[in-house]
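Heads up, the thing below is written out as structure tokens.
In mature numbering (1 follows the signal peptide of the UniProt record, and there is no 0), the protein residues as written are -23 to -1, 1 to 299.
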């Protein structure tokens, strides 16, 4: 073996070590389980980025809430212990007030209207507001969180049926006010606590989309799904600002591009999952109840009046989107 070849072979392990040392490992957390549309899109986003950065960015995935509730994950992201997550706007609203415009009941005409809004300038504007706040997160793109309806142990066929029911909502004062305005009793609670709370009677129901009702097994204790459509919530993919600032400008560009691709992919996955979830829920004995939405809309008018004044310009932009 000649001297040059010996040097080359000796140098190879050092080259691999240098590349490994240069790699940045990113934790990607989600409260939803493996196979859920947001989780699948996140995993594919990570694979794309690992490939496009030649292994400089590597990912570990933590679905199913194993790193804690959304609030706990956000707190970990703010100190750089977790790098990426999809989070509910209900959690962000109390800290970045402008995002509450999306959290207002019946702010979107329908699901397609919501998608058109987040795909355009208003969606980018809200992402920028999160990024430029003191929240410590960089907002990259939107996931589709579907249309939220009320699911309960006893049927809600009209507004009056909701009176006095204890209904879980996300920990945002606006959602508590919304549920109370509809006659229920809004109870703030983490997603991971809902199953046992339904089982033990701490709550009478909750509100969310069909995939969540199915995948978190809430349908086992809540067999009535009333199609109120009171919220249609997009959900941002966010990165720890501490981590973001460690990336090179080229890496930042690739991360944003991959996040936007994940936004498009998750939407396709969402539509398939939502339709399949409805079929499975019905087969499991869940009754889907069509309600007259107008009384629910009218009942929440005071909530829109209370919170909407400060978002008047944003609301006009949202309403103008076709």
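Cβ coordinates follow ideal geometry from the N, Cα and C atoms, glycine included.
Residue 4 is classed as buried because its beta carbon has at least 16 other beta carbons within 10 Å across all chains shown. Cβ-Cβ distances below 7 Å link residue 262 to 200 in the same chain, with the five nearest sequence neighbours on each side left out; the list follows chain order.
Within the same chain, Cβ atoms closer than 7 Å to the Cβ of residue 158 are found at 276, 277, 279 and 280, the five residues on either side in sequence being excluded.
Contact between residue 151 and residue 284 holds, with the beta-carbon distance rounding to 6 Å and staying under 8 Å.
By the CB criterion at 8 Å, residue 123 and residue 80 fall outside the cutoff. Per DSSP, reduced to three states, the secondary structure at residue 183 is strand. By the CB criterion at 8 Å, residue 22 and residue 235 fall inside the cutoff. Cβ-Cβ distances below 8 Å link residue 104 to 116, 117, 118, 119 and 213 in the same chain, with the five nearest sequence neighbours on each side left out; the list follows chain order. The beta carbon of residue 204 sits closer than 7 Å to those of 126, 265, 266, 267 and 268, all from its chain and outside the five residues before and after it, given in chain order.
In the structure shown, residue 39 adopts extended strand secondary structure according to DSSP, grouped into three states. Distance check between residue 272 and each of 168, 153 and 139 places 139 closest, using alpha-carbon atoms only. The Cβ-Cβ distance between residue 133 and residue 288 does not fall below 8 Å. For residue 243, the enclosing alpha helix (DSSP H) starts and ends at 226 to 260.
Rounded to whole angstroms, residue 248 and residue 12 show a C-alpha spacing of 14 Å. Residue pairing by DSSP puts residue 4 in a beta bridge opposite 37.
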